[in-house]
Amino acid sequence: AEDGYDLWLRYGQPGGSAVSIPHTSPTLAAAAAELRRGLPRTTRPIVLERATAPEVSALGLKLGALGDEGYAVRQVRLGGRAVTLVTGNSDVAILYGAFALIRHARTGGNVDTATLTSAPRIKLRMLDHWDNLDGSVERGYAGQSLWDWWTLPDFRDPRYVDYARANASIGINGTVLNNVNAKPDSLTAPYIAKAAALADIFRPYGIKVYLSARFSAPIEIGGLKTADPLDPQVAAWWKAKADEIYRAIPDFGGFLVKANSEGQPGPRDYHRSHADGANMMAAAVAPHGGIVMWRAFVYAETNAEDRAKQAYSEFKPLDGTFANNVILQVKNGAIDFQPREPFHPLFGAMPKTPLMMEFQITKEYLGFATHLAYLAPMFKETLDADTYERGPGSTVARVIDGSIEGHKLTGIAGVANIGRDRDWSGSTFNQANWYAFGRLAWDPSLPSEGIAREWAEQTLGTDPKVVDTSVAMMQGSREAVVDYMTPLGLAHQMSTSGHYGPAPWIADLKRPEWNPVYYNQADARGIGFDRTATGSDAVAQYAPPVAKIFADPKLTPERDLLWFHHVAWDRKMASGRTLWAEMIAHYDRGIDYVTGMRTRWDGLKPLVDAERWQKTATYLAIQQREARWWRDASLAYWMSLNHLPLPAGEAAPE
Ligand code: GCW
Numbered sequence: 008a009e010d011g012y013d014l015w016l017r018y019g020q021p022g023g024s025a026v027s028i029p030h031t032s033p034t035l036a037a038a039a040a041e042l043r044r045g046l047p048r049t050t051r052p053i054v055l056e057r058a059t060a061p062e063v064s065a066l067g068l069k070l071g072a073l074g075d076e077g078y079a080v081r082q083v084r085l086g087g088r089a090v091t092l093v094t095g096n097s098d099v100a101i102l103y104g105a106f107a108l109i110r111h112a113r114t115g116g117n118v119d120t121a122t123l124t125s126a127p128r129i130k131l132r133m134l135d136h137w138d139n140l141d142g143s144v145e146r147g148y149a150g151q152s153l154w155d156w157w158t159l160p161d162f163r164d165p166r167y168v169d170y171a172r173a174n175a176s177i178g179i180n181g182t183v184l185n186n187v188n189a190k191p192d193s194l195t196a197p198y199i200a201k202a203a204a205l206a207d208i209f210r211p212y213g214i215k216v217y218l219s220a221r222f223s224a225p226i227e228i229g230g231l232k233t234a235d236p237l238d239p240q241v242a243a244w245w246k247a248k249a250d251e252i253y254r255a256i257p258d259f260g261g262f263l264v265k266a267n268s269e270g271q272p273g274p275r276d277y278h279r280s281h282a283d284g285a286n287m288m289a290a291a292v293a294p295h296g297g298i299v300m301w302r303a304f305v306y307a308e309t310n311a312e313d314r315a316k317q318a319y320s321e322f323k324p325l326d327g328t329f330a331n332n333v334i335l336q337v338k339n340g341a342i343d344f345q346p347r348e349p350f351h352p353l354f355g356a357m358p359k360t361p362l363m364m365e366f367q368i369t370k371e372y373l374g375f376a377t378h379l380a381y382l383a384p385m386f387k388e389t390l391d392a393d394t395y396e397r398g399p400g401s402t403v404a405r406v407i408d409g410s411i412e413g414h415k416l417t418g419i420a421g422v423a424n425i426g427r428d429r430d431w432s433g434s435t436f437n438q439a440n441w442y443a444f445g446r447l448a449w450d451p452s453l454p455s456e457g458i459a460r461e462w463a464e465q466t467l468g469t470d471p472k473v474v475d476t477s478v479a480m481m482q483g484s485r486e487a488v489v490d491y492m493t494p495l496g497l498a499h500q501m502s503t504s505g506h507y508g509p510a511p512w513i514a515d516l517k518r519p520e521w522n523p524v525y526y527n528q529a530d531a532r533g534i535g536f537d538r539t540a541t542g543s544d545a546v547a548q549y550a551p552p553v554a555k556i557f558a559d560p561k562l563t564p565e566r567d568l569l570w571f572h573h574v575a576w577d578r579k580m581a582s583g584r585t586l587w588a589e590m591i592a593h594y595d596r597g598i599d600y601v602t603g604m605r606t607r608w609d610g611l612k613p614l615v616d617a618e619r620w621q622k623t624a625t626y627l628a629i630q631q632r633e634a635r636w637w638r639d640a641s642l643a644y645w646m647s648l649n650h651l652p653l654p655a656g657e658a659a660p661e
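Per UniProt numbering, the sequence shown starts with residue 8, numbered consecutively.
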């Protein structure tokens, strides 16, 4: 049975191409094995060799700027034979080239004539696992953690290799093994040994291991009285800890830190700044070439400021004070991975600090594993947004690829949607989000539809009907979720803590910013959060040309309207409808889209293997039922406030 285990690496019968590696290494051996398994039989032999090897450099190929990781595939004559050469400046680059060639072949390209050239635009392309040491995964919907901490480091589950293969095939080069809500134990000797075993497995695939570090670890496992970053004993403890880790993992990537956020300890506990904390830890890993990824996701119980403003307020004044091996990790939006958020105001606001993107691949707020939502259009929406940091064209993508300010340290992270389920991600279509994240991390300018197409061709087969139908389903699926959950700029209406299902009425949780009513601000008169000068003035955190648009309800795109404005129920929208009628139209449109996906998927029944077809069909039925639940529950609550009737022709909530 087809259980989805092979992800997009469904090779079928090996073609048995002739592949040679004049100089071998574990990475090149892996690349050759992949080509032998993954390619159809080719006419020309394939040679994997570095660009600096004499026989390759003698060819005088114009390879452009490949950097350390970029690859080139060329048809050349080597040693008197016509061959397909896969080359680059490192073995990992060649591995990426091998996977690109397989992708080329499996999406209809001809290997014997292939000419491919590509280099990643972003240096750190990371998966962040929110995996706990007890095997659970925070916001994970694909089963238990992949990491079997209990049997590591001795037992090296072959699945770890498949994880590395899948990631290398899309260019991911780093993995944070453990949850940002970190337990200090992850930094103890036994866990360092476990992490080292994983690092050994991932190394040939170009993947470095990183760990989330708990700021108070010097107290909890070091026996110190304080974790004050300016205390010399604390700094010395982290230095010794880093040295210990690097003895076990010589190419350890560094630390990811969630500090003073949602109850996590941090430098603010000692009245020190986030820069004090980050720089102290950065100094510990710097001698080894390590980095610190410091998260900007902060908001505090004691802070009455609009939650959407707090990260900017905290971090913007620190611009220019971070050590050069620190990178600030900023979520795509200012609240928390909602189905739609305007881009985070920190992008474009800290020119002297490298900022990396944090996307969420796991669908915490988009229906968990069950709802079908292809996230590339959402990722692209943020990456393509213009910050105006240095005038028009200063897109978020150009902030994070370092090109605006010339930063060398650049990065993008996705919170993984991976677990021990046979299909890794909880559903077939969720695999596409892992895939799309990797492809966009490599090149943020790739079109989301093109990514969907190549994913579908490799995952579901090349039958044009299957591919076209799947791509058509995927492309609008995230917008459908926005429509039936939180249309027109609404956010955080999910039931609190679980984040599943509608609960716009919740008002009684102890922290105001945990309550959906805080975000919708709905009342008899209207709905939406006033973030203009008459409200929280969050709009002022954007560059003036952007702020000008978001400050004016007439200029604000309707998709973001209720994020920035409190709007009367009878406001006239672009369609000519009132806001109330427009909201209903969006809820309905979302449901209709899901109904359409069901119909389309039904048409593929004869063309997709039974197991994956059935699971998807069942999930779509759940999604349709829950899309209606979202509309009906939301409308019932809005109607209890506005006392407006449903427009003529609209069925009453079931
Ligand atoms: O998205 C929210 C989640 C928390 C998460 C937190 C964070 C890891 O609800 O589960 O904790 O953000 O990003 O730190």
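Glycine residues also receive a C-beta, built at the ideal position from the N, C-alpha and C atoms.
Any heavy atom of the ligand GCW within a distance shorter than 7 Å of the CB on residue i?
i           : result
Trp521      : no
Lys190      : no
Trp301      : no
Trp570      : no
Lys370      : no
Trp137      : yes
Arg146      : yes
Asn186      : yes
Asp141      : no
Phe222      : no
Lys265      : yes
Glu41       : no
Phe259      : no
Glu269      : yes
residue 666 : Here the chain comprises residues numbered 8 to 661, so residue 666 is not present and cannot be evaluated.
Phe262      : no
Phe304      : yes
Could you tell me how far apart the beta carbons of residue i and residue j are, in whole angstroms, since I believe they sit closer than 8 Å?
i           : j      : result
Ile179      : Asp408 : Contact flag wrong, Cβ pair sits at about 16 Å.
Val168      : Ile208 : 6 Å
Lys201      : Leu159 : 4 Å
Gln500      : Ser641 : 7 Å
Tyr381      : Ala439 : 6 Å
Pro272      : His281 : 13 Å between Cβ atoms; not a contact.
Leu66       : Val83  : 6 Å
Pro236      : Arg279 : 5 Å
residue 663 : Gly261 : Residue 663 is absent from the model: the chain starts at 8 and stops at 661.
Lys316      : Ser543 : 6 Å
By the DSSP assignment, the beta strand (DSSP E) with residue i in it spans what residues?
i           : result
Lys130      : First-last for Lys130: undefined, no H or E at that position.
Ser219      : 215 to 219
Gly421      : 418 to 422
Arg302      : 298 to 302
Glu365      : 362 to 367
Gly181      : 181 to 183
Phe262      : 261 to 264
residue 663 : Within the shown structure, residues of the chain are numbered from 8 to 661, placing residue 663 beyond reach of any answer.
CB residue i to CB residue j, shorter than 8 Å?
i      : j      : result
Leu373 : Val187 : no
Phe571 : Thr539 : yes
Phe222 : Asn286 : no
Tyr644 : Pro494 : no
Val90  : Pro52  : yes
Val305 : Ala291 : no
Pro61  : Arg43  : no
Phe536 : Tyr549 : no
Arg132 : Ile419 : yes
Asp135 : Ser32  : no
Ala547 : Asn649 : no
Ala303 : Leu335 : yes
Ala175 : Phe106 : yes
Thr369 : Gly147 : yes
Pro519 : Tyr526 : no
Ala224 : Leu194 : yes
Considering just the uninterrupted stretch of the alpha helix (DSSP H) at residue i, what are its terminal residues?
i      : result
Leu379 : Taken as a continuous stretch (DSSP letters only), Leu379 belongs to no alpha helix (DSSP H), as it is neither H nor E.
Gln240 : 239 to 255
Gly445 : 435 to 449
Closer than 8 Å, CB to CB, is residue i near chain E or not?
i      : result
Arg397 : Looking at the structure shown, chain E is missing, and only one protein chain is on hand.
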